[in-house]
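Asks: In our numbering, the protein residues as written are 21 to 467.
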């Protein structure tokens with residue numbers, strides 16, 4: 021047996037893990053994306069509301085002449101406006117002179133900021149809200165607000181920046197949902213794996229163990245698997261196979277070694293089965309007349325040959341004249357059993373008698389015995405009849421014995437049922453005595 025590199029449970033678990041990991045990653049990506057969109061939307065709403073307040077605050081700051089005369093005072097006021105409304109950056113500059121009035125962290129405007137400032141001024145003339153731009157690189161929302169100074173009669177541009185949602189913040193916001201999702205997915209995976217273990221792996225392990233037991237000679241092993249699917253169907257097939265193997269072994273042990281026909285146990289069960297099912301049949305007991313004399317005269321080897329030829333003839337005759345389901349058994353010695361349908365019994369019996377006399381008898385005897393029509397053999401009963409006076413005077417008791425014949429004693433339950441196997445065997449005994457009264461091959465059926 022090849023070394024097992026992995027287990028079915030492990031392979032199933034691995035096949036589950038990859039889809040679950042993919043599911044977790046997909047859910048995490050969707051969750052983070054939605055969280056980022058949500059944060060950006062929140063910041064955008066907050067930014068718009070803050071822009072109005074910052075605009076009004078800057079207008080008030082730029083109205084005061086002292087703020088222009090004292091740069092520190094201007095810086096303080098603008099810095100307060102930035103902190104009050106959550107702006108991350110605030111840059112106040114003159115788009116015409118490019119003078120920077122306020123820059124907390126030393127920021128400078130770029131050419132892009134000038135273009136945005138022009139767009140914002142144009143939007144103000146058209147009565148539109150301030151221009152908003154999203155800087156994806158720095159994850160900021162930049163607003164360019166035109167602010168008019170009544171002191172200098174100029175329009176300044178306030179570049180106000182608000183932070184957008186970033187991945188780290190989105191991850192922090194989503195950590196709870198992601199944790200629940202991961203735990204739920206893993207729990208689902210374990211439950212699925214447990215279910216698969218119970219419904220697939222364990223039944224296969226049971227089948228494997230039962231197969232190992234059969235290999236050890238413990239035939240008839242059964243497995244109790246009730247999954248309602250192909251595995252249960254496989255288990256049922258296994259149980260039938262196991263039972264069939266046990267039955268085959270028992271039949272092989274019970275079958276006659278000479279003819280390989282079913283023996284006494286199979287005969288008993290077959291007859292009991294038909295009686296229990298109330299089938300109509302004819303039970304034949306077939307035996308060879310004067311087989312003991314033939315066996316003693318020609319030897320055991322020729323006797324075995326006679327038994328095998330008779331068995332083969334009975335098999336052939338049942339194939340030719342019998343029907344499906346007919347049964348042939350060998351009780352031992354020259355005793356055979358045939359079970360057939362009542363409508364076929366007479367024709368089958370006549371066919372067997374005819375073929376036995378024409379085929380079997382002629383193939384077993386020596387030429388001179390066939391020509392005489394009998395053999396001379398010692399009379400075990402003490403009576404003798406001899407054609408050779410010299411043998412009589414020598415004290416050899418020889419008797420004329422007719423050649424082999426086959427007798428078929430049959431009983432039928434067509435009119436009266438048998439109680440059991442023993443009732444049937446008792447019924448056939450007197451028929452057997454009656455049919456053997458004649459020296460020729462013959463049959464008799466009693467109902």
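Glycine is no exception: its CB is placed at the ideal position from the N, C-alpha and C atoms.
1) Given that a residue counts as buried once 16 or more other Cβ atoms are within 10 Å of its Cβ, and exposed if not, what is residue 457?
2) Report the three-state DSSP secondary structure of residue 463 (helix, strand or coil).
3) Specify, as a first and last residue, the run of the beta strand (DSSP E) that residue 355 falls within.
4) Considering Cα atoms alone, identify which of 442, 132, 167 is closest to residue 141.
5) Excluding the five sequence neighbours on either side, which residues of its own chain have a C-beta within less than 8 Å of the C-beta of residue 333, listed in chain order?
6) Three Cβ pairs or more, each shorter than 8 Å: is that satisfied between the region 298 to 309 and the region 342 to 355?
7) Have a look at residue 187 and residue 46 and give me their C-alpha separation to the nearest angstrom.
8) Provide the residue(s) that pair with residue 309 in DSSP beta bridges, ordered along the chain.
9) Return the residue from the list 450, 154, 173 that minimises the CA-CA distance to residue 85.
10) When we look at the beta-carbon of residue 49 and count the other beta-carbons within 10 Å, is it buried (16 or more) or exposed?
11) Between the region 230 to 244 and the region 255 to 265, do at least 3 Cβ pairs fall closer than 8 Å?
12) Between the C-alpha atoms of residue 383 and residue 239, what's the straight-line distance to the nearest angstrom?
13) Is residue 449 buried or exposed, if buried means 16 or more other CB atoms sit within 10 Å of its CB?
14) What are the boundary residues of the alpha helix (DSSP H) that residue 380 is part of?
15) Whole-angstrom Cβ separation of residue 314 and residue 464, contact assumed at under 8 Å?
16) Using CA atoms only, rank isn't needed, just tell me which of 369, 323, 122, 181 is closest to residue 163.
17) Can you grab the Cα-Cα spacing for the pair residue 159 / residue 107, in whole Å?
18) Can you list, in chain order, the residues of its chain whose CB lies under 7 Å from that of residue 440, leaving out five sequence neighbours each side?
19) Quickly, what does DSSP pair residue 160 with across the bridge? List them, please.
20) Excluding the five sequence neighbours on either side, which residues of its own chain have a C-beta within less than 8 Å of the C-beta of residue 7, listed in chain order?
21) What is the DSSP secondary structure of residue 405, reduced to helix, strand or coil?
22) Kindly indicate which three-state DSSP category residue 174 falls into: helix, strand or coil?
23) So, at 6 Å on beta carbons, what are the nonlocal neighbours of residue 209 in its own chain, with the 5 sequence-adjacent residues on each side left out?
24) Could you tell me the alpha carbon to alpha carbon distance between residue 207 and residue 215, rounded to whole angstroms?
25) Do residue 177 and residue 113 have their C-beta atoms within less than 8 Å of each other?
26) Out of 347, 420, 331, 428, state which residue places its alpha-carbon closest to the alpha-carbon of residue 286.
27) From the DSSP output, in three-state form, read off residue 351 for me.
28) Which value, in whole angstroms, describes the spacing of the CA atoms of residue 57 and residue 153?
29) At 3 residues or longer, what runs of the beta strand (DSSP E) sit wholly inside the region 259 to 333?
30) Sort out for me which residues DSSP pairs residue 397 with in a bridge.
31) Following the continuous beta strand (DSSP E) through residue 112, name the residue where it begins and the one where it ends.
Replies: Taking the structure as given:
1) It counts as exposed.
2) strand
3) Residue 355: member of the beta strand (DSSP E) spanning 355 to 360, first to last residue.
4) 167
5) 372, 375, 376, 379, 380
6) yes
7) Residue confidence is low: residue 187 scores 48 on pLDDT, short of 50, so the model does not pin down where it sits. No coordinate-derived value is stated.
8) Answer by DSSP bridge pairing, in chain order: 425.
9) 173
10) exposed
11) yes
12) 43 Å
13) exposed
14) From DSSP, residue 380 is part of no alpha helix (DSSP H); its letter is neither H nor E.
15) Going by Cβ atoms, the distance from residue 314 to residue 464 rounds to 23 Å, so no, they are not a contact pair.
16) 181
17) Distance between the alpha carbons of residue 159 and residue 107: 13 Å.
18) 292, 295
19) Per DSSP, 155, 183.
20) The structure shown does not extend to residue 7, since the chain spans only 21 to 467, so no value can be given for it.
21) In this prediction, residue 405 has a pLDDT of 48, which is less than 50 and means its spatial position is unreliable; what the coordinates show is noted afterwards. Coil at residue 405, not helix or strand.
22) Residue 174: strand per DSSP, three-state reduction.
23) 36, 40
24) 12 Å
25) Cβ atoms of residue 177 and residue 113: closer than 8 Å.
26) 347
27) strand
28) C-alpha separation (whole angstroms): 16 Å.
29) 302 to 309
30) 419
31) 109 to 113
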